[in-house]
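Quick notes on the structure that follows.
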Amino acid sequence: MSSSSPAVAARCSYAQAGVGVVASQNVTDPSLGPRALDLMARGATAAEAVEIVMRTAAHWEYRQVLAVDAHGVSAIYSGSKALGIWAEAREKDVACGGNLLANEKVPAVMVERFLTSQGDLGDRLITTLRAAVKAGGEAGPVRSAGLKLVRDVSWPVADLRCDWSEDCPVEQLAHLWDIYKPQLESYVARAINPLNAPSFGVAGDRLFLPQTTSGNIDGEVRRG
1 MSSSSPAVAA
11 RCSYAQAGVG
21 VVASQNVTDP
31 SLGPRALDLM
41 ARGATAAEAV
51 EIVMRTAAHW
61 EYRQVLAVDA
71 HGVSAIYSGS
81 KALGIWAEAR
91 EKDVACGGNL
101 LANEKVPAVM
111 VERFLTSQGD
121 LGDRLITTLR
131 AAVKAGGEAG
141 PVRSAGLKLV
151 RDVSWPVADL
161 RCDWSEDCPV
171 EQLAHLWDIY
181 KPQLESYVAR
191 AINPLNAPSF
201 GVAGDRLFLP
211 QTTSGNIDGE
221 VRRG
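Under our numbering, read the sequence shown as residues 1 to 224, first letter to last.
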């Protein structure tokens with residue numbers, strides 16, 4: 001996600017492992033994302049969740065909501081009062097949309113790039129954001145961007161943000177992802193079992209482990 005507004009990912013991006021992902025944007029109502037996720041957790045498809053949320057939401061004509069559920073069903077709602085040039089595109093497993101765009105082709109370019117890209121999901125999302133910028137992106141300067149990934153644990157395995165930048169926040173986000181990606185699996189391992197936590201050599205961080213054959217403290221394992 002990216003925007004000319006500050007801290008876009010803090011207000012507009014929602015995801016739940018095993019359930020789906022939602023973006024609530026345009027004139028943002030942050031309550032719509034959690035509501036859509038709750039509906040999907042209860043068994044609604046992405047299309048059903050978006051339809052219910054928008055049918056019951058206040059000021060629905062100003063909202064833009066995108067969702068993909070755990071089965072890859074995608075859905076988008078764009079209200080009649082979405083700002084500026086707005087557009088949307090979706091396929092199985094992906095939904096892209098925007099407002100205040102430079103042109104109507106941006107979401108379609110994003111979908112095509114996502115479906116044809118290879119590698120880690122985070123890499124594919126960065127590639128997709130870069131394609132959006134190259135296709136024109138937002139009509140004005142983009143100032144914030146975010147990347148959120150969920151999978152087989154209850155927390156986001158990546159939740160990276162550039163909340164404001166005078167330069168390109170998408171490139172700053174890409175740099176953050178390059179730093180975080182090699183450590184992602186280690187952070188998951190630490191959460192599941194600290195005894196298997198690999199070390200990144202952080203000074204002063206040492207974990208003393210009990211010896212398995214006695215009640216004595218015996219041995220030392222460093223962890224980051």
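Beta carbons: idealized from backbone N, C-alpha and C, even for Gly. Remember, predicted model here, so these are calculated numbers, not experimental data.
Report yes if the CB atom of Ala197 is closer than 9 angstroms to the CB atom of Ala203, and no otherwise.
Position 197 of the sequence shown holds residue 197. Position 203 of the sequence shown holds residue 203. Taking 9 angstroms as the Cβ cut-off, Ala197 and Ala203 do not qualify as a contacting pair.
Do the CB positions of Trp164 and Ser186 come within less than 9 angstroms of each other?
Numbered from its first residue, the sequence shown carries residue 164 at position 164. Numbered from its first residue, the sequence shown carries residue 186 at position 186. Contact: no.
Thinking just about the alpha-carbon of each residue, which of Leu121, Ala131, Asn103 is nearest to the one in Glu112?
If you number the sequence shown from 1, residue 112 lands on position 112. Residue Ala131 is the option with its Cα nearest to Glu112.
Do you know offhand how far Val142's Cα is from Ser2's?
On the sequence shown, position 142 is the one that residue 142 refers to. On the sequence shown, position 2 is the one that residue 2 refers to. The alpha-carbon atoms of Val142 and Ser2 are separated by roughly 7 angstroms.
List the residues that DSSP assigns as beta-bridge partners of Arg161.
Locating residue 161 in the sequence shown gives position 161, where the first residue counts as 1. Answer is Gly146.
On a Cα-Cα basis, can you pick out the residue from Arg124, Gly43, Cys96, Gly18 that is closest to Ile76?
Locating residue 76 in the sequence shown gives position 76, where the first residue counts as 1. Of the candidates Arg124, Gly43, Cys96, Gly18, the one whose C-alpha sits nearest the C-alpha of Ile76 is Cys96.
When the Cα atoms are used, what is the spatial distance from Leu147 to Ala17?
If you number the sequence shown from 1, residue 147 lands on position 147. If you number the sequence shown from 1, residue 17 lands on position 17. Computed Cα separation, rounded: 15 angstroms.
6 angstroms CB neighbourhood of Asp69 in its chain, flanking five on each side removed
On the sequence shown, residue 69 is found 69 positions in, with the first residue counted as 1. The answer, listed in chain order, is Gly20, Met40, Thr45, Ala46.
By the 10 Å Cβ neighbour count, where 16 or more other Cβ atoms means buried, how is Ser154 classified, buried or exposed?
Residue numbering aside, residue 154 sits at position 154 when the sequence shown is read from its first letter. When all chains shown are included, Ser154 counts as exposed.
Below 7 angstroms CB to CB, which residues in the same chain sit around Thr212 once its five sequence neighbours on both sides are set aside?
For the purposes of this step, residue 212 is taken as residue 212 along the sequence shown, with counting starting at 1. Note that Thr212 scores a pLDDT of 43, beneath 50, so its modelled location is shaky; the value from the coordinates is reported in the next line. Result list for Thr212: empty, nothing under 7 angstroms.
So, under 8 angstroms CB-CB, Ala89 and Val65 are touching, yes? Tell me the CB distance rounded to an integer number of Å.
Taking the first residue of the sequence shown as 1, we reach residue 89 at position 89. Taking the first residue of the sequence shown as 1, we reach residue 65 at position 65. Wrong, their Cβ atoms sit about 15 angstroms apart, outside the cutoff.
In chain order, which beta strand (DSSP E) runs of at least 3 residues are fully inside the stretch 43–86?
63–69, 74–78
Put Gln183 into one of helix, strand or coil per three-state DSSP.
Start at 1 with the first residue of the sequence shown, and residue 183 comes out as number 183. Reduced to three states, the DSSP call for Gln183 is helix.
Assuming Leu100 contacts Gly84 under a Cβ cut-off of 8 angstroms, what Cβ separation, rounded to an integer in Å, is found between them?
The count along the sequence shown starts at 1 and reaches residue 100 at position 100. The count along the sequence shown starts at 1 and reaches residue 84 at position 84. Between Gly84 and Leu100 the Cβ distance is about 4 angstroms, and since that is below 8 angstroms, they are a contact.
Is the separation between the beta-carbon of Val53 and that of Gln25 shorter than 9 angstroms?
By one-based count along the sequence shown, residue 53 stands at place 53. By one-based count along the sequence shown, residue 25 stands at place 25. Cβ distance not < 9 angstroms, so Val53 and Gln25 don't count as in contact.
Contact set for Leu160: own chain, Cβ-Cβ below 7 angstroms, skip 5 residues either direction:
On the sequence shown, position 160 is the one that residue 160 refers to. These residues qualify, in order along the chain: Gly146, Leu147, Leu173, Leu176, Trp177, Tyr180.
Do you know how far the Cα of Ser5 is from the Cα of Val22?
Numbered from its first residue, the sequence shown carries residue 22 at position 22. Numbered from its first residue, the sequence shown carries residue 5 at position 5. Approximately 18 angstroms, taken between the alpha carbons.
To which residues of the same chain is Gln118 closer than 7 angstroms at the C-beta, ignoring the five residues directly before and after it?
Within the sequence shown, the letter at position 118 stands for residue 118. For Gln118, where only same-chain residues beyond five positions count, there are no Cβ hits under 7 angstroms.
For Asn26, which residues does DSSP report across the bridge?
Translated into the one-based positions of the sequence shown, residue 26 becomes position 26. According to DSSP, Asn26 bridges with Arg63.
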